[in-house]
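Below: the structure, in structure tokens.
Number of protein chains: 2
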Amino acid sequence: MERYDAIVIGTGSAMIIVSRLLAMKPDARIAVIDKDKAGGICLTRGCIPSKLIISPVEVLYDLEKLQNLIHAEIKGVDFSGIMKRMREKVNRESEMIEKSLNEADNIDYFKERAEFVGKYEIKAGKEVIRSDRIFIGSGSRPLVPKIPGLNKAGFLTSDSILEIDSMPESLAIIGGGYVALEYGNFFARAGCDVKIIEMLPRILYNEEPEISKLVEEELSRHAEIYTSHKVVRVERKGESKSVIAVGERGERTIEAEEILVAVGREPNSDILKPERSGIDVDEKGWIKVDEFLESNVEGVYAIGDANGKYMFRHVANREAVIAFENAFNNARIKMDYSAVPHAVFTQPEVASVGIGEREAVERYGKENILIGFEEMRSPAKGLALNLSGFAKIIVHKDGRILGAHIVGKSASILIQEIVTLMSLKAHFHAIHHSLHIHPALSEVVSWAFSNLMSVDEYHKLVRI
Amino acid sequence: MERYDAIVIGTGSAMIIVSRLLAMKPDARIAVIDKDKAGGICLTRGCIPSKLIISPVEVLYDLEKLQNLIHAEIKGVDFSGIMKRMREKVNRESEMIEKSLNEADNIDYFKERAEFVGKYEIKAGKEVIRSDRIFIGSGSRPLVPKIPGLNKAGFLTSDSILEIDSMPESLAIIGGGYVALEYGNFFARAGCDVKIIEMLPRILYNEEPEISKLVEEELSRHAEIYTSHKVVRVERKGESKSVIAVGERGERTIEAEEILVAVGREPNSDILKPERSGIDVDEKGWIKVDEFLESNVEGVYAIGDANGKYMFRHVANREAVIAFENAFNNARIKMDYSAVPHAVFTQPEVASVGIGEREAVERYGKENILIGFEEMRSPAKGLALNLSGFAKIIVHKDGRILGAHIVGKSASILIQEIVTLMSLKAHFHAIHHSLHIHPALSEVVSWAFSNLMSVDEYHKLVRI
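Residue numbers (the numbering used here), protein chains in the order written: chain A, 1 to 464; chain B, 1001 to 1464.
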């Protein structure tokens, strides 16, 4: 049985572990296992292809805001061109990773399924290999709920949507989270007849309610959105598919040429079988890890989607570094999730870091919380671009920044300054140490920090 | 002679002093003098009206980048609509300020010229008033160079351009700094035939040469740019105007319907006559102040353009706070200019903070400097939007961030994170403490900090 200094499962963020190990110990022997195209979910089926697809319509939203001043006729979006560009860029990058894996002397690259067969032992294809340092970066896959008729009617997921070449005339989307919304927003603005069906009372349920409301309001101009609707069955009618959903007012039939299922992700533990190695998983199958990202089996670490915590590439990258340092340099670094930002690339764009108002109030008491608020159109730049949206900041009276929630143009960039302050554990006053270019959009952030008010005052100002 | 607790000259950033003084001492008596529309240059003749005019064409640039994927026909820019919107917003705001000045019990508002007549004594219109706390926020005005024939031919400045209602068919711009470029970029993209004439060897001469080069490259697709050309005379020929400039290859005649002169700004000291009060000015007429923003006459402070340091509203606002604290609370706070950012709102957009490469090398020695570089199209979001541009970071090996220079979409927002780190005097490694959303454009900043190299290596990578 072949023994390695490290076995790495997955070729996404886990590749950081491979390169760090080789940099530290150039003669280390490493096995890398991945059944799929090299590069991990983010590159091959996640953020990168999806952003290559959806980003171009941003400009249509910006143009819509200025339609009184700039007269333009949109002739159409070149859907197959967008898909072709996406595949070229993803494939080129993936092939580069594959090439470097194949050419590296110290790496045995198994393009096979990985399956635990015993303690520290993994079967990669037909071979059984062994290491006392195993890194599970095996990702996740789209969760497909059991809906009668769905399989028979056929559907797309965030994986298979990357393979289509022509835009459906109409698309029913089951789900109202960020994947559903990013694709829903793209297709709707690109000219497809989009219908979004969400079981919960609002879309983007994990965001602040004010943010869900604005995104729904603006996207509703281009798409039909059904919240509080539970899909009960799917039927196929000739070329068209019917999604039957039950809302407060009874059953509703939503017809579309195609269906996209985007209700969440599930682990690959059924393939990986970690239990055979004594590795604990939670009730859903995510690998359980401690704050050092180590599983209950010493030397076995899980990073990225595999541990089921935060399914973002930027978190997985950080986890990879920490797992490496803990595994090989005995660093005992804890992974800090207190300032994890994320974005939803809809129009309006959403970005958020830390906790929301409800959690802040529950955790610290309403009397200890201050909320800052500013609208995108208050600074001159926002006014000039006729922007909608706002920044909502949540701080503790003791000085801590607890969370920030931004919706509107460039939200994913605007949030960064706050992430930086939170990561440095800076007092919320620190935002005013730095000058904000006048009139740049970042003024909306500093102004929000200047407008701190009690939770009650906030709710008098912003009704939801 | 009326005596006041404070005399404030100018209604721009200096209004911060008025409101802070009234908040601290509600019965303070204040004289406010401004001969012009209330609100200061920024609101009435500077950043705000100019951004209201120029910002809408941003979207045309974004669309140009994506023209292979999004097919749109631009029918035209509603110039008079843009100008009307600008005037409405500026006038509304200015009138609000004027109203509040007129209605405040403790404020005597003189809409008159201010003129020093003796120590601590100012003539406002016909009245002479006195205070031992005087704040000069008297701004600046467009500098019009002595060019034969210019006055006779007629021209626009950044002031008078706000009054035009129809777009000239062609526009010759004398100057290549940020005002010249912002208007040049706007008019060119809006369909006007723009010719920019700069005496220096490159446009945006205060920016890094790499930045000048990219802006020139991209803007040249829409405008003619003549660098190293000195304007020697202007002639009027019927409806058209000729700007005669001398370059390396001799004289060149540039014809246009209208001329915009944008070569810099000059002080209003000839009106204000500070020398009568014993207040020192420099050779150009800017009020000389120490690091506490106090002039050589105790109790007399100068802020904003008036002191000739950094002519940015965000600097003036900070200076107003510091002058107030030093004048009334004996705070002895020094104004810190080490992390002053600025932006040029062209397409591509430019943003910069701290010092450039040349100054860094001169000040600290090449061997102590590292440069970080990343292109906008490297992160997935930049690739998706087909962006041009880059981030260039300059750090000292001892950990200090010395400067950052960004060109491309959203530069004015992307720079903010670095301004924050510089203001907190953070080590350059601190950028990596914070997570950067993948794939948001802010990755270009963190990646640039990951790519630090020697000055020589940088110039092998980036040829200029």
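Where a beta carbon is used, it is the ideal one built from N, C-alpha and C, also for glycine.
Figure out for me which residue from the options has the closest Cα to the Cα of residue i.
i                       : options                           : result
residue 168 of chain A  : A/319, A/133 and A/156            : A/156
residue 147 of chain A  : A/232, A/82, A/204 and A/413      : A/232
residue 1370 of chain B : B/1453, B/1338, B/1313 and B/1044 : B/1453
residue 1328 of chain B : B/1018, B/1430 and B/1165         : B/1018
residue 249 of chain A  : A/228, A/267, A/279 and A/457     : A/228
residue 291 of chain A  : A/31, A/307, A/97 and A/282       : A/307
residue 161 of chain A  : A/139, A/184, A/145 and A/176     : A/184
residue 1084 of chain B : B/1049, B/1007, B/1104 and B/1037 : B/1049
residue 82 of chain A   : A/221, A/55 and A/345             : A/55
residue 1026 of chain B : B/1106, B/1003 and B/1273         : B/1106
residue 44 of chain A   : A/277, A/63, A/69 and A/10        : A/10
residue 1270 of chain B : B/1314, B/1337 and B/1285         : B/1285
When the cut-off is 8 angstroms and only beta carbons count, does residue i lie next to chain B?
i                      : result
residue 381 of chain A : yes
residue 227 of chain A : no
residue 47 of chain A  : yes
residue 31 of chain A  : no
residue 74 of chain A  : yes
residue 402 of chain A : no
residue 417 of chain A : yes
residue 23 of chain A  : no
residue 77 of chain A  : yes
residue 116 of chain A : no
residue 420 of chain A : yes
residue 62 of chain A  : yes
residue 133 of chain A : no
residue 81 of chain A  : yes
Please decide whether residue i counts as near chain A, where near means a Cβ-Cβ distance under 8 angstroms.
i                       : result
residue 1068 of chain B : yes
residue 1044 of chain B : no
residue 1305 of chain B : no
residue 1056 of chain B : yes
residue 1020 of chain B : no
residue 1237 of chain B : no
residue 1427 of chain B : no
residue 1456 of chain B : no
residue 1437 of chain B : yes
Quick check on residue i: does DSSP put it in helix, strand or coil?
i                       : result
residue 353 of chain A  : strand
residue 71 of chain A   : strand
residue 304 of chain A  : helix
residue 1065 of chain B : helix
residue 316 of chain A  : helix
residue 122 of chain A  : strand
residue 79 of chain A   : helix
residue 143 of chain A  : coil
residue 292 of chain A  : coil
residue 1253 of chain B : strand
residue 92 of chain A   : helix
residue 1267 of chain B : strand
residue 1163 of chain B : helix
residue 248 of chain A  : coil
residue 1002 of chain B : strand
residue 274 of chain A  : helix
residue 1324 of chain B : helix
residue 1098 of chain B : helix
residue 279 of chain A  : coil
According to DSSP, what are the bridge partners of residue i?
i                       : result
residue 1108 of chain B : B/1031
residue 1156 of chain B : B/1260
residue 1053 of chain B : For residue 1053 of chain B, which the question treats as bridged, DSSP gives no partner whatsoever.
residue 1130 of chain B : B/1003 and B/1121
residue 115 of chain A  : A/123
residue 135 of chain A  : A/8 and A/301
What residues from chain D crowd round residue i, counting only those whose CB sits closer than 8 angstroms?
i                      : result
residue 392 of chain A : Note that chain D does not occur in the displayed structure, where the protein chains are A and B.
Any chance you could list the beta strand (DSSP E) runs of at least 3 consecutive residues sitting entirely within the region 170-243 of chain A, in chain order?
The qualifying runs are 170-174, 193-197, 223-226 and 230-237.
Quick one: which unbroken beta strand (DSSP E) runs of 3-plus residues sit fully inside the region 1383-1460 of chain B? Chain order, please.
DSSP runs (the beta strand (DSSP E)) wholly in the region 1383-1460 of chain B: 1390-1396 and 1401-1407.
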